[in-house]
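J.: One structure is given below, represented as structure tokens, and several questions about it will come after.
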Amino acid sequence: MSSPKKQSKPEPAITESSSVQEALDKANHRSGGKGRPTPSRAEAEAAKRRPLVPSDRRAAAKAQRVKERAARDVEYAALKSGDEANMPYRDRGPVKRYIRDFVDARRGIGEYFLYAALVFLVMTLLSNLSPWIAIVGLVLMYLTVILAVVDAFVLWRQLKKRLVNKFGDQVLNTRGLMMYAVTRAFQFRRGRLPKPVVKHGEYPA
Numbered sequence: 001m002s003s004p005k006k007q008s009k010p011e012p013a014i015t016e017s018s019s020v021q022e023a024l025d026k027a028n029h030r031s032g033g034k035g036r037p038t039p040s041r042a043e044a045e046a047a048k049r050r051p052l053v054p055s056d057r058r059a060a061a062k063a064q065r066v067k068e069r070a071a072r073d074v075e076y077a078a079l080k081s082g083d084e085a086n087m088p089y090r091d092r093g094p095v096k097r098y099i100r101d102f103v104d105a106r107r108g109i110g111e112y113f114l115y116a117a118l119v120f121l122v123m124t125l126l127s128n129l130s131p132w133i134a135i136v137g138l139v140l141m142y143l144t145v146i147l148a149v150v151d152a153f154v155l156w157r158q159l160k161k162r163l164v165n166k167f168g169d170q171v172l173n174t175r176g177l178m179m180y181a182v183t184r185a186f187q188f189r190r191g192r193l194p195k196p197v198v199k200h201g202e203y204p205a
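Numbers 1 to 205, taken from UniProt numbering, label the letters of the sequence shown in order.
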């Protein structure tokens, strides 16, 4: 006589509500638990319909200009006071600080180039008195330009060796160092920003 077949227990049916609740539980688990209520469909749709640009563009642009002006004021004050943390990004870091100190400690032709240009301008205005004044002024101007370019080349060669000895060969991979040094060398010493902190002859170690 054959034994009766074992009847398998029926598996519990998965209702739609339980699957929805399970999905919500998983979503809450991924977001860090049920610490906050799940947004309703109306709230989610309202968030999607929120405009990406402000309604009052003129007021937003004015507020942005005020914010940018305040940031520039902070940077300008930092350039004058030496607060490197608030300086523009181009002036931050030990490499840029070393370049500034080296340029400020060195006497170069570029430092006096604008003074010489002013003299040449006066000589040009006086050319009506004598044509030789204009010729001499023009020759001196070109000679000064050539000497300033040569001096800038010498400056970069000296500075490059010091940078490699101080920071290693990888420092030369930083773009804009030569332009940063030469641009500062052609500025009035009193008008340089950040303000010089060393005197002539006080080269950085």
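No residue lacks a Cβ here, since even glycine has one placed at the ideal position from N, Cα and C.
1. Under three-state DSSP, which class holds G110?
2. Can you tell me which of P131, L138, V95 and N173 puts its alpha carbon nearest to the alpha carbon of V119?
3. Measuring CB to CB, does P204 end up less than 8 Å from F102?
4. Would you mind giving the Cβ-Cβ distance between I99 and A181, rounded to the nearest angstrom? I have them listed as a contact below 8 Å.
5. Tell me where the alpha helix (DSSP H) around G191 begins and ends.
6. One question on the structure: do V154 and L163 come within less than 8 Å of each other, judged by their Cβ atoms?
7. The alpha helix (DSSP H) spanning D101 covers which residue range?
8. So within the region 116–167, which uninterrupted alpha helix (DSSP H) runs reach at least 4 residues, ignoring any that extend past its ends?
9. Among residues of its own chain, excluding the 5 on either side of G82, which ones have a beta-carbon nearer than 7 Å to its beta-carbon?
10. Considering just the uninterrupted stretch of the alpha helix (DSSP H) at S55, what are its terminal residues?
11. Less than 7 Å between C-beta atoms, sequence neighbours within five positions excluded: which residues of the same chain meet that for Q64?
12. Report whether the distance from the Cβ of A181 to the nearest heavy atom of the ligand ADP is below 7 Å.
13. For E202, which residues in the same chain have their Cβ closer than 7 Å to its Cβ, ignoring the five residues on either side in sequence?
14. Would you say M87 and E68 are within 8 Å of each other, going by their C-beta atoms?
15. Short of 7 Å in beta carbon distance, which residues of its chain neighbour R92, apart from the five on each side in sequence? Order them along the chain.
16. Specify the secondary structure class of M179 as computed by DSSP and reduced to three states.
17. Would you report the Cα separation of V150 and Q187, rounded to the nearest angstrom?
18. Cα separation between Y142 and P131?
19. Hey, out of K96, T144 and R97, whose CA is closest to G108's CA?
20. When you compare the CB positions of A116 and T124, do they come within less than 8 Å of one another, or not?
21. With a threshold of 16 other CB atoms inside 10 Å of the CB of G168, please say whether the residue is buried or exposed.
22. Using beta-carbon positions only, say whether R190 and E111 come within less than 8 Å of one another.
T.: To lay it out plainly:
1. To locate residue 110, count along the sequence shown from 1; it is residue 110. The answer is helix: DSSP assigns G110 an H, G or I state.
2. The count along the sequence shown starts at 1 and reaches residue 119 at position 119. Of P131, L138, V95 and N173, the residue nearest in Cα terms is L138.
3. Here residue 204 corresponds to residue number 204 of the sequence shown, with the count starting at 1. Here residue 102 corresponds to residue number 102 of the sequence shown, with the count starting at 1. Contact flag set, yes.
4. On the sequence shown, residue 99 is found 99 positions in, with the first residue counted as 1. On the sequence shown, residue 181 is found 181 positions in, with the first residue counted as 1. Sure, about 5 Å apart at Cβ, within 8 Å.
5. Here residue 191 refers to the residue found at position 191 of the sequence shown. Looking at the DSSP string, G191 is not in any alpha helix (DSSP H), and its letter there is neither H nor E.
6. Numbered from its first residue, the sequence shown carries residue 154 at position 154. Numbered from its first residue, the sequence shown carries residue 163 at position 163. Cβ atoms of V154 and L163: not closer than 8 Å.
7. The residue you call residue 101 lines up with position 101 of the sequence shown. Start and end: P94 to A105.
8. 131–167
9. Stepping through the sequence shown from its first residue, residue 82 is reached at position 82. Closer than 7 Å at Cβ, skipping near neighbours: P194, K195 and V197.
10. The residue given as residue 55 occupies position 55 in the sequence shown. Neither: S55 is in no alpha helix (DSSP H) and is coded neither H nor E.
11. By 1-based counting over the sequence shown, the position of residue 64 is 64. Here the set comprises nothing.
12. This structure simply doesn't include the ligand ADP, nor any ligand for that matter.
13. Against the sequence shown, residue 202 aligns to sequence position 202. For E202, where only same-chain residues beyond five positions count, the Cβ hits under 7 Å are A105.
14. If you number the sequence shown from 1, residue 87 lands on position 87. If you number the sequence shown from 1, residue 68 lands on position 68. In this structure, E68 does not lie closer than 8 Å to M87 by Cβ.
15. Within the sequence shown, the letter at position 92 stands for residue 92. The answer, listed in chain order, is E84.
16. The residue you call residue 179 lines up with position 179 of the sequence shown. M179: helix per DSSP, three-state reduction.
17. Taking the sequence shown and counting its residues from 1, the one referred to as residue 150 is at position 150. Taking the sequence shown and counting its residues from 1, the one referred to as residue 187 is at position 187. Their backbone Cα atoms lie some 16 Å apart in a straight line.
18. To locate residue 142, count along the sequence shown from 1; it is residue 142. To locate residue 131, count along the sequence shown from 1; it is residue 131. Rounded to the nearest angstrom, the two C-alpha atoms are 17 Å apart.
19. Taking the sequence shown and counting its residues from 1, one reaches residue 108 at position 108. Among K96, T144 and R97, the Cα nearest to that of G108 belongs to T144.
20. In the sequence shown, counting from the first residue as 1, residue 116 sits at position 116. In the sequence shown, counting from the first residue as 1, residue 124 sits at position 124. Contact: no.
21. In the sequence shown, counting from the first residue as 1, residue 168 sits at position 168. It is exposed - the Cβ of G168 has fewer than 16 other Cβ atoms within 10 Å.
22. Position 190 of the sequence shown, counted from the start, is the residue given in the question as residue 190. Position 111 of the sequence shown, counted from the start, is the residue given in the question as residue 111. Taking 8 Å as the Cβ cut-off, R190 and E111 do not qualify as a contacting pair.
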